[in-house]
Each structure stands twice: as structure tokens, then as C-alpha cells.
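Everything in the sequence shown is counted per the working numbering, starting at 1 for the first residue and increasing by one.
Below is one structure; the comments refer to it alone.
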Amino acid sequence: MDAWVRFSAQSQARERLCRAAQYACSLLGHALQKHGASPELQKQIGQLESHLSLGRKLLRLGNSADALESAKRAVHLSDVVLRFCITVSHLNRALYFACDNVLWAGKSGLAPRVDQEKWAQRSFRYYLFSLIMNLSRDAYEIRLLMEQESSACSRRLKGSGGGAPGGIENAGPGGPGTPGGGLPHLALKLQLRVLLLARILRGHPPLLLDVVRNACDLFIPLDKLGLWRCGPGIVGLCGLVSSILSILTLICPWLRLKP
1 MDAWVRFSAQ SQARERLCRA AQYACSLLGH ALQKHGASPE LQKQIGQLES HLSLGRKLLR
61 LGNSADALES AKRAVHLSDV VLRFCITVSH LNRALYFACD NVLWAGKSGL APRVDQEKWA
121 QRSFRYYLFS LIMNLSRDAY EIRLLMEQES SACSRRLKGS GGGAPGGIEN AGPGGPGTPG
181 GGLPHLALKL QLRVLLLARI LRGHPPLLLD VVRNACDLFI PLDKLGLWRC GPGIVGLCGL
241 VSSILSILTL ICPWLRLKP
């Protein structure tokens, strides 16, 4: 109960709830259209989705300043790659929120002459760049953890006097030194890398959640920019999943990837 009280007191939490409801409406609208629901019901769901989207834009007013402050803090990170990825991501988020504020002013009637299509395209471009930086940061974190795990395994094997796992370096039958043995060897190495990746993600829930959330969010700007048409059903599902994961990280702060 205490965790929920803390969660509901945050403006970011309310925005995430609106986001989850918005993409749930998008997914529901697609399902209703697919199953031949009445046009009136589809219209009501579409209007509800539009109202939730406008409400989210109102809750995000001022988020550009928060993103800029986050970028200023990220500049002081010691790791060069993390510093670059996180700083550029926050700067793109600041521009995305700024475009979003302009869109809110246009849709609310405060600035009726705003070209909403143009500003929406700008907004989704900055959003896409931010997600690309986030996924690059996730890939870098995974690479570091995989290298650490591989080094630890090698030290344990040397300490116990064992050989390479599965005899990868042996030139026995089917090994890389025999005719036709290159493909099985590569398949075994790939299988070991996949198992190592699964172990890394299973052992680091914040990293796993961040990868899944960013990957789901990636479909939204790709569809809106016309780079990869996914359809409203996929967009609604991905947006709903990423919103639920974001809510989870707000309720359980230890699941948030740091820094």
C-alpha cells in the first residue's frame, strides 16, 4: 500500500497510467474493428484515446527542463560510451518534449495555426533517436557484462584445471581443424553466446526490463514515421507493454536501470 501511495503521488506515474490507458484503447479499437463492432463504439474508443493523448501532453509540460537536467548530470559520467549515449538520449528527449508541448498548444486551441503534422513528425524523429541511444546503451551494458562473465568463467576453469566448455578449442572430430567442422563449431559458439546472454539478462532484471521496454517503444516511432508499418494493433500492444514496465519501475525503483 505504501508503494502505491508513493506511486500515485508522482506526476510521472499519472502520465504513465494515462499512457497505458491510451495504448489499451488503441489495442481495443483495433480488436473491435477487426471483429466488426459498431462504428459508434469504435468512434467512442477513438475519442477516448484522443482525450487521453491530449491529457498526457498536458502532464508532460515542463518535462523538457527535467530532461536537460538529466543530460547535465550524465555529462559527468566517467564511462565515455555511457556518457555519450545517455547524454544524447536526454537531449533528444528534451527536444521531443518541446515538440510535444507545441502539439499540445495546437490541439488545445492556444496556437491554432500550428502545423500539427509537421511537429508530430519532428517529435517522433527525436523520440526515435532517443530510443536508438537507449538501446545502444543497453547493448554496451550487455557487452560489458558478457565480457566480465566470460573472464570469470575462464579464471574458474584455469583454477580447476579444466578445458574450454564443450571442448570448443579441441581439434577433435567435428572441430574447426577438420573438414566440414567449421559450421558446427560456429553453431556451438553461437549457442554458448545465446546461453550467456540469457544468463546475463536473467541475473540483471533492470537491464532486461530496459531492453524490453525500449524495444517495444521502438515500434511506435517507426510506424508513425512510416519507416516500418506495424499497424495499430502492434503499436497498441507494444505501447501497453512498455507502459506497464515503466509503471513497474516506478513502483519498484530497484528495477530502474542506473545510471
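Every residue gets a Cβ at the ideal spot worked out from N, C-alpha and C, and that includes glycine.
Asked: Would you mind reading off the limits of the alpha helix (DSSP H) that contains L185?; Found: Note on residue identity: the sequence assigns His, not Leu, to residue 185. Per DSSP, H185 belongs to the alpha helix (DSSP H) from 182-203.
Asked: Assuming A71 contacts T87 under a Cβ cut-off of 8 Å, what Cβ separation, rounded to an integer in Å, is found between them?; Found: 5 Å
Asked: So, with DSSP's three-state summary, where would you put P261?; Found: No answer is possible for residue 261: it lies beyond the span of the chain, which begins at 1 and ends at 259.
Asked: Give the C-beta separation of Y126 and N101 to the nearest angstrom, bearing in mind that I take them to be a contact with Cβ-Cβ under 8 Å.; Found: No, Y126 and N101 are not in contact; Cβ-Cβ is about 12 Å, not under 8 Å.
Asked: Can you give me the Cβ contacts of W254 inside the same chain, cut-off strictly under 8 Å, excluding the 5 residues immediately before and after it?; Found: P206
Asked: Under 8 Å by Cβ, that's how I've got C99 and S123 pegged, so tell me the actual separation to the nearest angstrom.; Found: 4 Å
Asked: Compute the distance between the beta-carbons of A20 and S243, then report whether it is under 8 Å.; Found: yes
Asked: In chain order, what residues of the same chain lie with their CB nearer than 7 Å to the CB of L58, ignoring the 5 residues before and after it?; Found: W104
Asked: Under 8 Å between the Cβ atoms of L263 and E147?; Found: This structure gives no information on residue 263, because the portion of the chain shown stretches from 1 to 259.
Asked: So is I45 in contact with chain C if we call contact Cβ pairs under 8 Å?; Found: No chain C is present in this structure, which holds just one protein chain.
Asked: Find out if the Cβ-Cβ distance for the pair L32, L41 is shorter than 8 Å.; Found: yes
Asked: For A139, which residues from the same chain have a beta carbon less than 8 Å from its beta carbon, with the 5 sequence-adjacent residues on both sides left out?; Found: none
Asked: Which of helix, strand or coil does DSSP assign to W228?; Found: coil
Asked: For V212, collect the residues of the same chain with a Cβ closer than 7 Å to its Cβ; drop the 5 residues on either side in sequence, then sort them by chain order.; Found: L245
Asked: According to DSSP, is G177 part of a helix, a strand, or is it coil?; Found: With a pLDDT of only 48 at G177, under 50, the local geometry of the prediction cannot be trusted, and no value is derived from it.
Asked: With distances taken Cα to Cα, identify the nearest neighbour of G233 among L27, C153, R16.; Found: L27
Asked: Can you give the Cα-Cα distance for L190 and S53, rounded to whole angstroms?; Found: 43 Å
Asked: Considering only C-alpha positions, which residue in the set L17, L77, Q22, G62 is nearest to P259?; Found: L77
Asked: Going by beta carbon distance, what residues of the same chain come within less than 8 Å of L186, once the five residues before and after it are set aside?; Found: none
Asked: Do L144 and D210 have their CB atoms nearer than 8 Å?; Found: no
Asked: Between Q12 and L248, how many whole angstroms is the CB-CB distance? I'm expecting something under 8 Å.; Found: Their Cβ separation, rounded to whole angstroms, is 13 Å, which puts Q12 and L248 out of contact at 8 Å.
Asked: What alpha helix (DSSP H) runs, 4 residues minimum, are completely inside the segment 82-153?; Found: none
Asked: In this structure, how does DSSP classify L257 when only helix, strand and coil are distinguished?; Found: coil
Asked: Is DSSP giving L209 helix, strand or coil here?; Found: helix
Asked: Mark V235 as exposed unless 16 or more other C-beta atoms lie within 10 angstroms of its C-beta, in which case mark it buried.; Found: buried
Asked: Alpha carbon to alpha carbon, how far is G240 from K158?; Found: Here residue 240 is Leu; the residue named in the question, Gly, does not match the sequence. Each residue's Cα considered, the two are about 47 Å apart.
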